[in-house]
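In this note's numbering, the protein residues as written are 112 to 515. Just so you know, even glycine gets a beta-carbon here, dropped at the ideal spot from N, CA and C. As the structure is a computational prediction, the values presented were derived from the model and not from experiment. Data first, discussion second: the structure below is written as structure tokens.
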Amino acid sequence: DSLVMPRPNASHQWTFNKAGLPMVDVVVDPYIANNLRPHQKEGIIFLYECVMGMRVSGRFGAILADEMGLGKTLQCIALVWTLLRQGVYGCKPVLKRALIVTPGSLVKNWKKEFQKWLGSERIKVFTVDQDHKVEEFIGSPLYSVMIISYEMLLRSLDQIQAIEFNLLICDEGHRLKNSSIKTTTALTSLSCERRIILTGTPIQNDLQEFYALIEFVNPGILGSLSTYRKIYEEPIVRSREPSATKEEKELGEKRAAELTRLTGLFILRRTQEIINKFLPPKKESIIFCRPTALQLELYRKLLSSRVIRSCLQGRLENSPHLICIGALKKLCNHPCLLFKAIKEKSCDPMSDEHDESSLYEGLIDVFPQDYTFDTFSETDSGKLQVLVKLLAAIHELNSCERQV
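As structure tokens, then:
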């Protein structure tokens, strides 16, 4: 079935279709739509209504706060691609250019997701990095989407401000929870009304941070900060205090409900429970993995150390239990993790962790002379040997599916 966006009401038409252009259906690309789960379709419709000003009159921002793993990136890609090609009034596309700002570690992931769903021919995505400057984007009519890290945005702010973007998406947007930091100030300075924040973390735990995020996507909707504090924050905070009176509790609950109702028009949050019905029943198995010869020798050496013996016998006043457990965990996962910790500790003679240094004493002699952290091999770890065989067996049973 086609995924068709809702049509605007009469009030919206009166405001945004002065020319009386014919209304046409806005339809999500079937290739993407056919691969969407129900909650993702709902998310795209929600984002579409928000950025089109259909949910709150005169407001074009949204916060998509789904938990990790529910496809926030895909929902945004579907929205961007749809609005770059279509529009409800006379087919004129809503967007010409979109800006996606993300942590540096996610820039390549965003580009890969665009290529996965749309290929490199249908849409040209420009990523800003050391080798690709903003000027290249400005000088080329081919690119309609720019992906940039928060750090690069601050460095290139003057050039970014000179570009007319019609949609701004901020991934991991909870970092904008402080309106006075440079990143928030820089993004606020962009003359783009359509703004989307993506975050996988709850955003209502701190009422001042909550205000900053709302103010970014829909400026002025909660009034000034002083007004917001007086009407919402102070009554809500007071109502949660142990000494609050019945009247204060009732007022706080009333204001909290009012705030939730108002912001609920442009905030959408779903949890993992929404996809549980699509997943097979969870089965857990405990597999005991035989350690390798190197792991066994290191384990025995660790257990015979003064620090661990003192821990087991409770002789130390401040027994470094966590340090001992951490070392044993590293070893059980892979000896190279323990090797790295030993090397780092030996390179840091000023460290205060005397117990940890004592714990590692003599362990380096157990490793082969040519052992380095870079010569990583699964044959040194019993757990990894089992994992490799397990993945191979699963792949042989069903080579069409990915194994994670």
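Rounded distance between the beta-carbons of residue j and residue i, thought under 8 Å
i, j, result
"residue 114", "residue 139", "4 Å"
"residue 212", "residue 254", "That pair is no contact at about 16 Å."
"residue 414", "residue 449", "About 13 Å; that fails the 8 Å criterion."
"residue 184", "residue 221", "7 Å"
"residue 377", "residue 167", "6 Å"
"residue 177", "residue 381", "5 Å"
"residue 272", "residue 249", "The Cβ separation is near 12 Å, so there is no contact."
"residue 210", "residue 163", "With a Cβ gap of about 18 Å, residue 210 and residue 163 do not count as contacting."
"residue 318", "residue 348", "7 Å"
"residue 259", "residue 189", "Contact doesn't hold; Cβ gap of about 21 Å is too wide."
Distance between residue j and residue i (C-alpha atoms, nearest Å)
i, j, result
"residue 411", "residue 401", "14 Å"
"residue 223", "residue 238", "11 Å"
"residue 300", "residue 231", "31 Å"
"residue 215", "residue 241", "12 Å"
"residue 496", "residue 225", "35 Å"
"residue 170", "residue 306", "10 Å"
"residue 120", "residue 137", "15 Å"
"residue 502", "residue 293", "46 Å"
"residue 267", "residue 499", "45 Å"
"residue 341", "residue 234", "47 Å"
"residue 379", "residue 246", "35 Å"
"residue 505", "residue 392", "17 Å"
"residue 396", "residue 443", "18 Å"
"residue 182", "residue 478", "44 Å"
"residue 509", "residue 398", "22 Å"
"residue 236", "residue 352", "50 Å"
"residue 314", "residue 320", "8 Å"
"residue 455", "residue 420", "24 Å"
"residue 405", "residue 244", "49 Å"
"residue 375", "residue 197", "27 Å"
"residue 195", "residue 296", "27 Å"
"residue 290", "residue 153", "30 Å"
"residue 302", "residue 356", "45 Å"
Per-residue burial, residue i [other beta carbons within 10 Å of its own, 16 or more giving buried]
i, result
"residue 463", "Caution applies to residue 463, whose pLDDT of 49 falls short of 50 and renders its modelled position unreliable; the model cannot decide the point."
"residue 141", "exposed"
"residue 55", "Nothing about residue 55 can be reported from this structure: the residues present for the chain run from 112 to 515 only."
"residue 358", "exposed"
"residue 331", "exposed"
"residue 126", "exposed"
"residue 457", "exposed"
"residue 507", "exposed"
"residue 346", "buried"
"residue 277", "buried"
"residue 480", "exposed"
"residue 476", "exposed"
"residue 490", "exposed"
"residue 425", "exposed"
"residue 384", "exposed"
"residue 312", "exposed"
"residue 264", "buried"
"residue 350", "buried"
"residue 282", "buried"
"residue 201", "exposed"
Among the options, the one whose alpha carbon lies nearest that of residue i
i, options, result
"residue 322", "131, 482, 373", "373"
"residue 251", "163, 379, 178, 274", "274"
"residue 217", "284, 149, 456", "284"
"residue 175", "308, 481, 221", "308"
"residue 288", "418, 365, 325", "325"
"residue 494", "407, 317, 424", "407"
"residue 422", "444, 405, 470", "470"
"residue 147", "290, 391, 228, 446", "228"
"residue 124", "165, 352, 439", "165"
"residue 472", "352, 453, 396", "453"
"residue 467", "439, 143, 162", "439"
"residue 328", "163, 172, 150, 490", "172"
"residue 492", "188, 297, 447", "447"
"residue 279", "505, 179, 207", "207"
"residue 310", "116, 149, 509, 187", "187"
"residue 387", "149, 356, 117, 204", "149"
"residue 180", "389, 445, 405, 394", "389"
"residue 199", "122, 244, 118", "118"
"residue 368", "197, 201, 343", "343"
"residue 304", "291, 316, 205, 445", "205"
"residue 145", "153, 112, 122", "112"
beta-carbon residue i near the ligand ZN non-hydrogen atom, thresh 7 Å
i, result
"residue 451", "This structure lacks the ligand ZN, and indeed carries no ligand of any kind."
Touching by the beta-carbon criterion (3+ pairs, under 8 Å), the segment 479-486 and the segment 434-443: no
The segment 121-131 contacting the segment 330-337, beta-carbon criterion three pairs below 8 Å: no
Touching by the beta-carbon criterion (3+ pairs, under 8 Å), the segment 140-159 and the segment 351-365: The segment 351-365 and the segment 140-159 do not touch, with fewer than three beta-carbon pairs separated by less than 8 Å.
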